[in-house]
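Numbering (this note's numbering), first residue to last: 95 to 208.
C-beta: ideal position from N, C-alpha, C; glycine also.
The structure under discussion appears below in the form of structure tokens.
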Ligand SMILES: [Zn+2]
């Protein structure tokens, strides 16, 4: 389950921030996860509990914000929503595009601590 590795690096970053701010507790962590990032929110939640156990972030609330996938069509100069796969077809002109502009996010967007 590679979500554990992903969560380990996210929590590392959180704990580094917490130390910098001399925080005693981390209350809430918000992650932005793209639809194409290839991670399961349920597995991330499980990994979160495991990885934060015994740290300043233990018991913190984990919020996962999912970011829908969008690709760009150079012909129409517009972005369009995509589901899955690797090559996407523009709904307007049907041309194929592999130019993903959104949906691969895997980022820490917010940390609340005190
Ligand atoms: Zn198009």
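inquiry  = Can you list, in chain order, the residues of its chain with a C-beta nearer than 7 Å to that of residue 207? Leave out the 5 residues immediately preceding and following it.
reply    = Along the chain shown, one-based indexing puts residue 207 at 113. If we look at residue 207 and ignore the five residues flanking it on each side, its Cβ neighbours are 112, 115, 117, 119, 120 and 121.
inquiry  = Our contact map puts residue 138 next to residue 123 with C-beta atoms below 8 Å; I'd like the distance itself, whole angstroms only.
reply    = The residue you call residue 138 lines up with position 44 of the chain shown. The residue you call residue 123 lines up with position 29 of the chain shown. Residue 138 to residue 123, Cβ: 11 Å. No contact.
Residue 174, enclosing alpha helix (DSSP H) - first and last residue = For the purposes of this step, residue 174 is identified with residue 80 of the chain shown, where counting begins at 1. It is not in any alpha helix (DSSP H) - residue 174 instead sits in the beta strand (DSSP E) that spans 172-175.
inquiry  = Can you list, in chain order, the residues of its chain with a C-beta nearer than 6 Å to that of residue 173? Leave out the 5 residues immediately preceding and following it.
reply    = In the chain shown, residue 173 corresponds to position 79, counting from 1. Hits under 6 Å: 164, 166 and 195.
inquiry  = By the DSSP assignment, the alpha helix (DSSP H) with residue 97 in it spans what residues?
reply    = Locating residue 97 in the chain shown gives position 3, where the first residue counts as 1. Looking at the DSSP string, the run of the alpha helix (DSSP H) that includes residue 97 is 97-114.
task = Give a yes or no on whether the C-beta atoms belonging to residue 160 and residue 128 are separated by under 9 Å.
result = As a first step, residue 160 is located in the chain shown; it is residue number 66 there, counting from the start. As a first step, residue 128 is located in the chain shown; it is residue number 34 there, counting from the start. Yes.
Buried/exposed call for residue 169, threshold 16 Cβ in 10 Å = Here residue 169 corresponds to residue number 75 of the chain shown, with the count starting at 1. Classification for residue 169: exposed.
key: residue 148 versus residue 140: straight-line alpha-carbon distance, rounded   = Taking the first residue of the chain shown as 1, we reach residue 148 at position 54. Taking the first residue of the chain shown as 1, we reach residue 140 at position 46. Cα to Cα, residue 148 sits roughly 15 Å from residue 140.
key: Exercise answer, beta-carbon shell around ligand 1 heavy atoms below 7 Å   = 167, 169, 170, 172, 184, 186, 187 and 189
query = Which one or two residues does DSSP pair with residue 128 in a beta bridge?
reply = Walking along the chain shown from the start, residue 128 turns up at place 34. Answer by DSSP bridge pairing, in chain order: 161.
request  = Could you spell out the range, first to last residue, of the beta strand (DSSP E) harbouring residue 200?
outcome  = Sequence index remark: in the chain shown, residue 200 carries index 106 (1-based). Counting along the chain, the beta strand (DSSP E) containing residue 200 begins and ends at 200-207.
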